[in-house]
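Student:
Number of protein chains: 2
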Amino acid sequence: MAKTNAAFMSGVPELLVLRLLSREEMYGYQIVRGIRQATGESIILAEGVIYPTLHGLEKKGYLSARSRTVEGRSRVYYHITAKGKKRFAAISKQWNKITASVNACLEFAYV
Amino acid sequence: MAKTNAAFMSGVPELLVLRLLSREEMYGYQIVRGIRQATGESIILAEGVIYPTLHGLEKKGYLSARSRTVEGRSRVYYHITAKGKKRFAAISKQWNKITASVNACLEFAYV
DNA sequence: GGTTGACACCTATAACTACTAGGTATAATT
DNA sequence: AATTATACCTAGTAGTTATAGGTGTCAACC
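So the sequence lines, in the order shown, correspond to chains A and B.
For the first sequence, the positions run 141 to 251 when our numbering is used.
For the second sequence, the positions run 141 to 251 when our numbering is used.
This is the structure we're talking about:
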């Protein structure tokens, strides 16, 4: 890993990509900007992070891709598969579980 | 990384260790059990994770260690330094920022 | 006396994954 | 003509967690 967003980012690209695509079909560059905007620049996942993530998710069968030319530009659109929806359900559940546990530790109680 | 806790764990061991030690001096084995208990087994950071984390944090000057024999057992107690407190403040702030941003994406809005 | 289990520490290696830093190409804008 | 924005890509780096071992002590049990 490296400097920009630093720690706490493992699993986040996959989670956010699946989240965005569970709403609508999107292409890579659009996802990059989408995450920047949606988080008010708090989270910046550059193209070098998003593209490999998309390829990996496609390879695992969570996404499926098709090329389209829109407004004179060639784009690769990704949409989520049924398998991908299950995967998203699983990891978002896990995200909630882990963040809740960590927050419990941060805020208060342990022996 | 590996299977047990899977993703979303990067930075978490450091965060939790600094958190626990910002309350009171503790030793490694105690921290391992402490995290298990505090999270109701949701997060299990084994000794193979905690000990290297403690050594790393000590090396960076965030923790300081001393050996003590208590109840006939030799233990290595760690306490947080001033530098460690700053570090904890920084990363817990970052934790809040990132989780808030991710949650915003998960729950609702983006373009 | 010997075995088991809890306590308490340790490390090398593997495995994962995000990030950097490049690169290519086209269309629109200045 | 040059720059910027769009749109894609990948190789290599590096930072970390997790696994799977290992050592040794002490108490309890059979």
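Note that CB positions come from ideal geometry on N, CA and C, so glycine has one too.
Would you identify the three-state DSSP class for B:Tyr218, choosing helix, strand or coil?
Tutor: DSSP places B:Tyr218 in strand when its eight states are reduced to three.
Student: Could you work out which residues of chain A lie near B:Lys233, taking near to mean beta carbons separated by less than 9 angstroms?
Tutor: Within 9 angstroms Cβ-Cβ: nothing; B:Lys233 doesn't reach chain A, min ~11 angstroms.
Student: Please confirm if the segment 230–238 of chain B is in contact with the segment 193–203 of chain B, defined as three or more CB-CB distances below 8 angstroms between the two stretches.
Tutor: No: fewer than three Cβ pairs fall under 8 angstroms.
Student: For the alpha helix (DSSP H) that contains A:Arg159, what are its first and last residues?
Tutor: 152–161 is the span of the alpha helix (DSSP H), which, as asked, contains A:Arg159.
Student: When DSSP builds the beta bridges, which residues end up paired with B:Leu203?
Tutor: BP columns for B:Leu203 point to B:Ile220.
Student: What is the DSSP secondary structure of B:Thr209, counted as helix, strand or coil?
Tutor: B:Thr209: strand per DSSP, three-state reduction.
Student: For B:Leu156, go through chain A and note every residue whose CB falls closer than 9 angstroms to its CB, in chain order.
Tutor: What B:Leu156 touches in chain A: Val242, Cys245, Leu246.
Student: Could you tell me which residues DSSP pairs with B:Met166 in its beta bridges?
Tutor: Its beta-bridge partners are B:Tyr218.
Student: Whole angstroms is fine: what's the gap from A:Pro153's alpha carbon to B:Gly212's?
Tutor: Spanning the two alpha carbons is a distance of roughly 49 angstroms.
Student: Within 8 angstroms (strictly less), CB to CB, does A:Ser204 reach chain B?
Tutor: Not an interface residue.
Student: Give every residue of the same chain whose Cβ lies closer than 8 angstroms to the Cβ of A:Thr209, excluding the five residues on either side of it in the sequence, and list them in chain order.
Tutor: The residues are Arg215.
Student: I'd like the list of long-range same chain contacts for A:Arg176, defined as Cβ closer than 6 angstroms, with 5 residues on each side in sequence excluded.
Tutor: Hits under 6 angstroms: Ile184.
Student: Using DSSP with H/G/I as helix, E/B as strand and the rest coil, what is A:Gly174?
Tutor: Here A:Gly174 sits in helix by DSSP.
Student: Can you round the beta-carbon distance between A:Gly151 and A:Ile231 to whole angstroms, since I take them to be within the 8 angstroms contact cut?
Tutor: The pair is a contact, with the Cβ atoms about 7 angstroms apart (cut-off 8 angstroms).
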